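Visitor: Numbering (the UniProt record's numbering), first residue to last: 393 to 681.
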Ligand code: NAD
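(1) Just to confirm my understanding: we take residue 575, look at its own chain, exclude 5 residues before and 5 after, and list those with CB closer than 7 Å. What are they?
(2) Residue 574 by DSSP, collapsed to three states: which one?
(3) Let me check one thing: in DSSP terms, what residues is residue 668 bridge-paired to?
(4) What is the residue span of the alpha helix (DSSP H) that residue 425 lies within?
(5) In the DSSP assignment, what are the bridge partners of residue 449?
(6) Return the residue from the list 441, 394, 432 and 435 that minimises the CA-CA distance to residue 658.
(7) With DSSP collapsed to three states, give me the class of residue 552.
(8) Which value, in whole angstroms, describes the spacing of the CA atoms of residue 532 and residue 585?
(9) Relative to the alpha-carbon of residue 654, which residue among 432, 606 and 443 has its alpha-carbon at the smallest distance?
(10) I need the DSSP call for residue 504, collapsed to helix, strand or coil.
(11) So which of 668, 621 and 539 has the shortest CA-CA distance to residue 652?
(12) Near residue 493, which residues of its chain fall below 8 Å by C-beta distance, leaving aside the five closest residues on each side in sequence?
(13) With a threshold of 7 Å (Cβ to nearest heavy atom), would residue 651 be considered close to the ligand NAD?
(14) Work out the CA separation of residue 670 and residue 589 for me, nearest whole Å.
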């Protein structure tokens, strides 16, 4: 056995030892989550589900009043704290992670959920629309993930990063070039970061909700009305309309997206990374719109 072979064996043993030391995801009851955009809609439902499973949650949102209301609803400072953060600001993101460390001793689960939806036809989409959409959703989630990776690597305990992307990350629909492009960007961030952070025990996965989840601010801010007009039906009937177009004939609501976050991070999918789970009652599988 020559020197090179000896080195390879020693090196391999070292690598194996590193892998053995790498922690598997912990039960949610021992974990601290930071959820961006948790003041409303899907993020709020995710925060509720994570706390119900025993985690402590940092409710990170641009909207201070909403974030505070959610944190209070979740049981106050023992279970949840509110932090005002604009995900376009590196400084504010760093402060949010510091607040998590002060409140709960660290962070090992981060959900990139904050977002806006600029859904316009191509010819009406301005450069400013494009930049704003990308600043918040593509650049914002990159910045949050980078800080998450810094913190998780320093803690040395691995962790989870979950992106709330969209069916639109994969399937094209008309009139939302800016929004859908950022969702495709997020989907690739999932794969890239899964590849890069796996050796640190950090798993990166995504959830692709159907593009029409009611009970969310994005929906309330005109999206619902726009869709109702497109399909020529009343807005109140949109839920049932959307349910009927799915394979399962079920409407997707924020809690269903939260269920997928729990499935990915709650303990059993320990060997899954780089995956996107569709939560769309089958719409994408059947190429439905
Ligand atoms: P929402 O408007 O209810 O929630 C978004 C939250 O993000 C709000 O509380 C808002 O204050 C916050 N936010 C916006 N800009 C921010 C910023 N710069 N910094 C920090 N926080 C900011 O909308 P939602 O539907 O719950 O959306 C949550 C996520 O789910 C988004 O990423 C959205 O694209 C995605 N999604 C939504 C649907 C849907 O149909 N509602 C479908 C697929 C994917």
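The beta-carbon is built from N, C-alpha and C at its ideal position, and this holds for glycine as well.
Note that the structure is a prediction, hence the values are computed from the model and not measured.
Guide: Put simply:
(1) Here residue 575 is taken as the residue at index 183 of the chain shown, counted from 1. Once the five neighbours on either side are set aside, the close Cβ partners of residue 575 are 557, 558, 560 and 561.
(2) What you label residue 574 is simply residue 182 of the chain shown in a count that begins at 1. Helix at residue 574.
(3) Along the chain shown, one-based indexing puts residue 668 at 276. Beta-bridge partners assigned by DSSP to residue 668: 598.
(4) Position 33 of the chain shown holds residue 425. Element bounds for residue 425: not the alpha helix (DSSP H) but the beta strand (DSSP E), 424-428.
(5) Here residue 449 corresponds to residue number 57 of the chain shown, with the count starting at 1. DSSP lists 425 and 472 as partners of residue 449.
(6) What you label residue 658 is simply residue 266 of the chain shown in a count that begins at 1. When each option's Cα is compared against that of residue 658, the closest is 441.
(7) As a first step, residue 552 is located in the chain shown; it is residue number 160 there, counting from the start. In the structure shown, residue 552 sits in a strand (DSSP, three-state: E or B).
(8) Within the chain shown, the letter at position 140 stands for residue 532. Within the chain shown, the letter at position 193 stands for residue 585. Using only the alpha carbons, I get a separation of about 15 Å.
(9) Position 262 of the chain shown, counted from the start, is the residue given in the question as residue 654. By alpha-carbon distance to residue 654, the top candidate from 432, 606 and 443 is 443.
(10) By one-based count along the chain shown, residue 504 stands at place 112. In the structure shown, residue 504 sits in a strand (DSSP, three-state: E or B).
(11) As a first step, residue 652 is located in the chain shown; it is residue number 260 there, counting from the start. Looking from the CA of residue 652, the closest CA among 668, 621 and 539 belongs to 668.
(12) For the purposes of this step, residue 493 is taken as the residue at position 101 of the chain shown. Here the set comprises 499 and 543.
(13) In the chain shown, counting from the first residue as 1, residue 651 sits at position 259. Residue 651 Cβ: outside cutoff for every heavy atom of the ligand NAD.
(14) Taking the chain shown and counting its residues from 1, one reaches residue 589 at position 197. Taking the chain shown and counting its residues from 1, one reaches residue 670 at position 278. Taking the straight line from one Cα to the other gives about 23 Å.
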